[in-house]
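What follows is a short report on a single structure.
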Amino acid sequence: MQSNKIYDIVKYFNELQHNIENLNSISLYDINKIYEDVFAKILNAAFNWKLKNANEYTKNYPAIDLYDDTNKIVIQITSNLDNKKLKDTVEKFRSNDKKEYQLKFFYILKKSNFQEETLNKYGISNDDILGIEEILQKAKADDSIALSIYDILQACTEYTPLTFDYENYFVKVEKSLEKINYDKFSKDFNNFLTSSNQILAVYGFGGIGKSHFLRECCKNSIDLKPVIIKSKNFLNYIEKLNKSEKYLIIYDDIDRNHEALSNILELSKIMQDCKFLISFRTNFKDDAKKQFEIYNRQIKWQQLEISWKDNEIKDIMEMLDISDDEKIIKLCIEFNNNPYLIINAIKKDFDSLEGFAKRVKVEAENILKNISINSNDFLLNLAMLSPFALDGKESKEIKDGLSELEKVGIVRLVNQKYRFNPDIVGDIILADYLSNRPDFARLEQFILNNPKRSIKNLSHGIYKNNSNEDILVFFKNLVSGWIKDRNFSKGHIEAVVPLIATIPNICFVYMRDCLKDEKIGFDEIFPLFNNFIYLLSKYISQDIKMIDMLKLLLSEHSLEKPKSYYSNHSLASILSMIFSPIDNKNLESIYECIDFFKADVYKNPENKVKINLFFESVLANLLSPDFNITSSTHFSYSWGISRLNTDNDEIKKLIDYVKSIAEDFMTSNSEMLIWCGIECIGKINSFYDKVPKIYHDIQLDLIDKVVLLSNRQEELSLSIKAKIHTIFLHYFLRNEFSDESQTILKNINMDEKFIIYQILTIPFEAIADIDLLFANIKGSKDRFDAMQDFDINNEKIKNKIGLFFENNNPSDIAIFLNSIGSELNFRYINDVFNTWIDKDRVKFMELSKQNITNKDLDWNIKFTLYQKGILVLSSEDINPSATYQDIFHLIRISFIDKNNMVKNLNTILDILDTSAMDNKGRFIENILSNIRYLGEYCDEICNIIYRCLELLYKIKQAPSLTLSLWILPSLKENNINMFYKIKNILIKFIKNPYIIMESYELEKLYKVIEYKLKDILEILHQKLTFKKTDGYFLNYFSNLISKDTAKPNETKLIGEFISSYDDFRFLCNKAYEYCKETISYTDMTEFANKHSEYAGKWKNNQKPLRIDPEYFIDTRNESYVKNYFSHLINKKDVEKLKILYRAIPIENKYTDIIAKILDILIDNKIDIQDISEYLQRVNKIKSYSRGFLSNSEEILQEKEFFKDLRERVKDCALKNEIDGILSTLAYKIKLEIEDDKECFFD
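The following block contains the structure:
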């Protein structure tokens, strides 16, 4: 064959490659898809194959682009192939239905060189890596092949730039948005078709769905024949179109060829029977508009923006069968409702996302270049500081750059902070910066100013450059410096988290030293442990192991940490993450950690802390069907519980291993370990719905161990026996494991000692006759109903209590009582002791002389002796240095002996009066509570009551409802003189502005001492005008911001004392009297000097300070409010209106009244600023209870109120003021949503 044919083939290939390289350099990879059919023809010609496009077989076929069923070959066409892509492609290929075919790769650009062992690992040879070189060899060797390839390339390079096959054109470019419904835009297109407009300009951000909307337009174009312009050389071909046809001429992405728009505009003048449909990105909008304006009088056009609201994008995701609401919301926010980006994020197509971001970066560089801004510095600063909030000190260059980038959608303003749109653009900028010899000094300065934000923004770039030794050394040195300087602040800790995956060793040292710091708790250090454990469960590290995490968490430094504030940050919760098999690719590490922890527990069987941690994090966690999966990374949180996949053999093996540990615990000699093993049974709950059978079997195995354990009763402590009794009594009553439970309960020796132990610890589970219980339950539908309530006076119970005392000497009984420890239940202690003392008084006296270490039990023994009159409490017996515990019991005992009661109580009150102990008020209330039960109140008792109140007043503690509900009503009826004496001191409580009483307490007290509305108002006025010793008012009363938090509480109480309109009118008139007077003056000189509009507003710049009427006027009765203020309006009582109008709530139901009052006030020269301040106090009605990403009802009601009020008022200045309020509200409405959105970005 003539050599010039080969030369032409080389030239065509070079042109083709050059075109592809140029487009790929700005991440326009769609061109690769368009040429797939071309290369299929070329490969068929060169190798005599029968390749077809895989999309004809299945759309978006995984891993391959071409297939040949005859020769059993599949090919991926690629412009770049690295080790990762090779691995991913092979893995995907092996999972499809053509995995038996031979996989080959065809490079449309320069081939990569792979080591032979790398290819062999994936079952590929060098012969399977094809490129242009192999095509040229075939062409040189065979003239017929060369001619075929030449014809294909010539047709491809000089193909017609027009197509009528719009379906094929749009499907090849983008497939991910095919299912989207564009009905919301159809009306605009239909209007365009029937209008005189010739051009419809469709614009929007990249990936928003412009091209697919154009395809929908093609489908719906009935009278016009769609024709697609595919390249810039289209003019000659357009002129050849059939002149008798009417066309809809479409140019998609016209912004890629700026000259094309002027050609379209010229064509539209000539082809007036046709219509033109063009699309471009938002950043081209201004350029397009300028070109349209040149033809403004000659060409009619309209524009349409493609964008999606939050609710619409959610519907789109549902159309695409994406049902995870939280994921949809998060991605919609992250990618600003861009369907292309959202879908690729869901598909985890990170190449497409990065390609999109690179295109945006190029656009940003061009925009900044056009306004003479150094794009590298500007974009680096923005990427490092994102989200970036303006503080007013920025240069004009920064403001102009941000303004231009925001205008075209490259950055967006969320919650008053600028960030890239999408954020991944900043990631790409920083990744590129790190890969090109970054200025480390500059980076260090960024990080020094804000470590958390800087490293979080750099994290993607660090990951992308994790093989760059200079980058790694920089960050290692950075963290080492923080360790040396002990920089363990929250910001530094959160900055280290993203570095863990890249430089784990130094991050581990940082975490270890954090843990040693006494000031650092688990709440602060949790993100480090959480991320380390997360990564170690997914990837195997050669340096840091999961067991290293465990050892650190079991160290003394860790165990001595205080309890965390958040339950999921607790030590047990962190340990549970180590043992979680969910999504754990390193199950061997779980076994290693369990074995280490178990050995540690066996080494220290009395270490309750470690045993409890082992129980919670290993046994209870892994044996429970409901596995806690609450977790978080430094990017997101996940809450809830899940079921382990017990169909998985590895999971079953792990559960079985943990069960064997629980069984071993039950056979040990350690009470703590036995307790843990038994407790596992109750954690399983295998009778719940849908719990796999394996858990039922585990429970049965553990129950078998308990049966064996119950045969060792002599070795078991009472607490273990009681634990077994509790668990299996409940199983038996719930009819779960009924036979096994009955056997175990029968095995338990419920002798006198055991029954006494139960009565003193868990009395309601004590059973006098277990056989009687079994007999009663036979045939019963509800076993709980058949079980009789515990009765301390049951004859069998009383007998067992007596027998125990009878059969044991005092020293043995003392040992028994001391063994009970902190498990004591006080309900029946004195019943037991009374039975004992009645049985043998002398023996009980001996018991009282024993060393009872539990002081509460010791006091209860004494209490019994006092009850029986064996001991008599005198005031001399009460130690002035009595402890908190002693006083509590002394008060109880004082009420036994009525003869010495008053004297003893006075002695106790003397001690409390001089004591410095906290919570004295609790003892005083205890005395008053006991007095209540006396029934009759003689003068001596009333004097005790009076003393109690004096002490409470001294410590500024309000008395409880005991007085108002019981004591005072009785005194009022039976001892009127003492009633008035006590009433007088209670009035002191009420009037003292430092003593805070709740409104419900005040209400009861006011009513029992017969105070009326007038009295309440006077006390409220006194409290509001009360000045402290420093001369300042105690209460801020000039503006009541929220009635829910207002002090004093009389403001909440007033409404309870209004029973008629006359009461309300009296209230308003009294409020006017109080509120019109000037209480004080505020010097406003400095304020007036700063704000010239206020100059001369107040005489001598002294602003009068008055009480806000809202403190007095209760507005719960709407009719009272409307009647009273309507009366003032009709009378035009300006003096009262200008004081009292501020009490009317800013609510829709009062709009008409408020409008009328404001008109009167404006006519009477009331300062509009005062009115504005009143109107903007609307926030007082807001509760801020709202759903995520939805506005509160209150703020929406405010908007409606002000819109209505604006229409009703007459004054223009007031209308302008309301316009300002509406603008502020619009900002708040936006802010409510953006505040939520910002949470998702982090």
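The sequence shown begins at 299 in my numbering and counts up one residue at a time.
Glycine residues also receive a C-beta, built at the ideal position from the N, C-alpha and C atoms.
inquiry  = Which of the three DSSP states is assigned to E1375 in this structure?
reply    = Working through the sequence shown from its first residue, we reach residue 1375 at position 1077. E1375 falls in the coil class under three-state DSSP.
request  = Please list, in chain order, all residues of the same chain as Q997 whose beta carbon is under 8 Å from its beta carbon, the five residues on each side excluded.
outcome  = On the sequence shown, position 699 is the one that residue 997 refers to. So the list reads I979, I982, S984, F1035, once near-sequence residues are dropped.
ask   = From N1092, Y355, K1166, pick the residue whose C-alpha is nearest to that of D1138; which is it?
value = As a working mapping, residue 1138 is identified with position 840 in the sequence shown. Of the listed residues, the one whose Cα sits closest to D1138 is K1166.
task = Counting only runs of 4+ residues fully inside the segment 1351 to 1423, write out the alpha helix (DSSP H) ranges in chain order.
result = 1359 to 1374, 1383 to 1388
inquiry  = With three or more C-beta pairs closer than 8 Å as the rule, is the segment 343 to 362 touching the segment 390 to 403?
reply    = yes
ask   = Between F1103 and D1087, what straight-line distance do the alpha-carbon atoms span, to the nearest angstrom?
value = Stepping through the sequence shown from its first residue, residue 1103 is reached at position 805. Stepping through the sequence shown from its first residue, residue 1087 is reached at position 789. For F1103 and D1087, the distance between alpha carbons rounds to 24 Å.
ask   = Do you know offhand how far Y863's Cα is from G819's?
value = Position 565 of the sequence shown, counted from the start, is the residue given in the question as residue 863. Position 521 of the sequence shown, counted from the start, is the residue given in the question as residue 819. Rounded to whole angstroms, Y863 to G819 spans 9 Å at the Cα level.
ask   = Nearest-angstrom Cα distance between I1274 and P1402?
value = Within the sequence shown, numbered from 1, the residue matching residue 1274 stands at position 976. Within the sequence shown, numbered from 1, the residue matching residue 1402 stands at position 1104. If I take the Cα positions, the gap works out to 46 Å.
query = Run through DSSP, which three-state label would E1308 get?
reply = If you number the sequence shown from 1, residue 1308 lands on position 1010. Here E1308 sits in coil by DSSP.
request  = Tell me, to the nearest whole angstrom, how far the beta carbon of L1000 is from that of A1064; I am working on the premise that it is less than 8 Å.
outcome  = Taking the sequence shown and counting its residues from 1, one reaches residue 1000 at position 702. Taking the sequence shown and counting its residues from 1, one reaches residue 1064 at position 766. Wrong, their Cβ atoms sit about 25 Å apart, outside the cutoff.
request  = For E695, decide whether its Cβ has a neighbour in chain D, counting only Cβ atoms nearer than 7 Å.
outcome  = Going by chain labels, chain D is absent from the structure shown, which holds only one protein chain.
query = To the nearest whole angstrom, what separates the beta carbons of F1193 and N1158, a pair I think is in contact under 8 Å?
reply = Locating residue 1193 in the sequence shown gives position 895, counting from the first residue. Locating residue 1158 in the sequence shown gives position 860, counting from the first residue. With 8 Å as the limit, F1193 and N1158 do not qualify as a contact, their Cβ atoms being about 15 Å apart.
request  = State the start and end residues of the unbroken alpha helix (DSSP H) segment that holds F404.
outcome  = Mapped onto the sequence shown, residue 404 falls at position 106. Note, F404: premise wrong, no alpha helix (DSSP H); beta strand (DSSP E) at 400 to 405.
inquiry  = Taking the alpha-carbon of R784 as reference, which of N763, G759, E1271, L813 has the nearest alpha-carbon?
reply    = In the sequence shown, counting from the first residue as 1, residue 784 sits at position 486. Checked all of N763, G759, E1271, L813; the closest Cα to R784 is L813.
query = CB P923 to CB V1004, shorter than 7 Å?
reply = To locate residue 923, count along the sequence shown from 1; it is residue 625. To locate residue 1004, count along the sequence shown from 1; it is residue 706. No.
ask   = Between F487 and the rest of its own chain, which residues show a CB-CB distance below 6 Å, the 5 nearest in sequence each way excluded?
value = Reading the sequence shown from its first residue, position 189 is the one you call residue 487. Cβ neighbours of F487 beyond the five flanking positions: C515.
inquiry  = For K1325 and P1291, I'd like the C-alpha separation in whole angstroms.
reply    = Taking the first residue of the sequence shown as 1, we reach residue 1325 at position 1027. Taking the first residue of the sequence shown as 1, we reach residue 1291 at position 993. Their backbone Cα atoms lie some 10 Å apart in a straight line.
request  = Examine the ligand MG and report whether any of its heavy atoms sits within less than 6 Å of the Cβ of E543.
outcome  = Here there are no bound small molecules, and the ligand MG is not part of this structure.
request  = Tell whether a beta-carbon distance below 7 Å holds between L834 and M844.
outcome  = Locating residue 834 in the sequence shown gives position 536, where the first residue counts as 1. Locating residue 844 in the sequence shown gives position 546, where the first residue counts as 1. It is a contact, given that the beta carbons lie within the stated cut-off.
request  = Quick one: give me the first and last residue of the beta strand (DSSP E) that E603 is part of.
outcome  = The count along the sequence shown starts at 1 and reaches residue 603 at position 305. Run containing E603: 599 to 603, per the beta strand (DSSP E) assignment.
query = Going straight from the alpha carbon of N636 to that of N719, what length do you get?
reply = For the purposes of this step, residue 636 is taken as residue 338 along the sequence shown, with counting starting at 1. For the purposes of this step, residue 719 is taken as residue 421 along the sequence shown, with counting starting at 1. If I take the Cα positions, the gap works out to 10 Å.
query = Looking only at C-alpha atoms, which of I1253, N1204, I640 sits nearest to N1217?
reply = Numbered from 1 along the sequence shown, position 919 holds the residue referred to as residue 1217. The option with the nearest alpha carbon to N1217 is I1253.
task = Give the C-beta separation of V899 and L921 to the nearest angstrom, bearing in mind that I take them to be a contact with Cβ-Cβ under 8 Å.
result = Along the sequence shown, read from residue 1 onward, the residue named residue 899 stands at position 601. Along the sequence shown, read from residue 1 onward, the residue named residue 921 stands at position 623. About 16 Å; that fails the 8 Å criterion.
ask   = For N803 versus D846, is the C-beta spacing smaller than 7 Å?
value = Within the sequence shown, the letter at position 505 stands for residue 803. Within the sequence shown, the letter at position 548 stands for residue 846. The answer is no: Cβ separation not under 7 Å.
ask   = Would you report the Cα separation of N312 and S650, rounded to the nearest angstrom?
value = Against the sequence shown, residue 312 aligns to sequence position 14. Against the sequence shown, residue 650 aligns to sequence position 352. Cα to Cα, the separation comes out at about 26 Å.
message = Suppose you measure from the CA of G1119 to the CA of N1152; what does that come to, to the nearest Å?
response = Looking up residue 1119 in the sequence shown gives position 821. Looking up residue 1152 in the sequence shown gives position 854. Using only the alpha carbons, I get a separation of about 7 Å.
task = Quick one: measure Cβ to Cβ for V712 and K659, integer angstroms, because I've assumed they're closer than 8 Å.
result = Indexing the sequence shown from 1 puts residue 712 at position 414. Indexing the sequence shown from 1 puts residue 659 at position 361. About 20 Å separates the two Cβ atoms, so there is no contact after all.
ask   = Near I801, which residues of its chain fall below 8 Å by C-beta distance, leaving aside the five closest residues on each side in sequence?
value = In the sequence shown, residue 801 corresponds to position 503, counting from 1. Taken in chain order, the residues that qualify are L770, F773, K774, V777.
key: Backbone CA spacing between D441 and V308 [nearest angstrom]   = Locating residue 441 in the sequence shown gives position 143, counting from the first residue. Locating residue 308 in the sequence shown gives position 10, counting from the first residue. Going from the Cα of D441 to the Cα of V308 covers about 15 Å.
Whole-number beta carbon distance between N829 and M875, since they are thought to touch under 8 Å = Taking the first residue of the sequence shown as position 1, residue 875 is located at position 577. Taking the first residue of the sequence shown as position 1, residue 829 is located at position 531. With a Cβ gap of about 11 Å, M875 and N829 do not count as contacting.
message = Could you check whether S968 and P1061 sit closer than 7 Å to each other, using their CB atoms as the reference points?
response = Position 763 of the sequence shown holds residue 1061. Position 670 of the sequence shown holds residue 968. No; because the gap between Cβ atoms is not below 7 Å, this pair is not in contact.
query = Using a Cβ-Cβ cut-off of 7 Å (strictly less than) and excluding sequence neighbours within five positions of H1425, which residues of its own chain qualify?
reply = Taking the first residue of the sequence shown as 1, we reach residue 1425 at position 1127. Same-chain partners within the cutoff: there are none.
request  = Label I526 either buried or exposed according to how many other C-beta atoms from any shown protein chain fall within 10 Å of its C-beta, with 16 as the threshold for buried.
outcome  = The residue given as residue 526 occupies position 228 in the sequence shown. So I526 ends up on the buried side.
request  = Starting from I665, follow the alpha helix (DSSP H) in both directions and report where the run begins and ends.
outcome  = Within the sequence shown, numbered from 1, the residue matching residue 665 stands at position 367. Run containing I665: 648 to 668, per the alpha helix (DSSP H) assignment.
inquiry  = I'd like the list of long-range same chain contacts for Q601, defined as Cβ closer than 6 Å, with 5 residues on each side in sequence excluded.
reply    = In the sequence shown, counting from the first residue as 1, residue 601 sits at position 303. Cβ within range, chain order: A499.
query = Nearest to I340 by CA position, among I669, G429, R740, is which residue?
reply = As a first step, residue 340 is located in the sequence shown; it is residue number 42 there, counting from the start. Measuring from the Cα of I340, the nearest candidate turns out to be G429.
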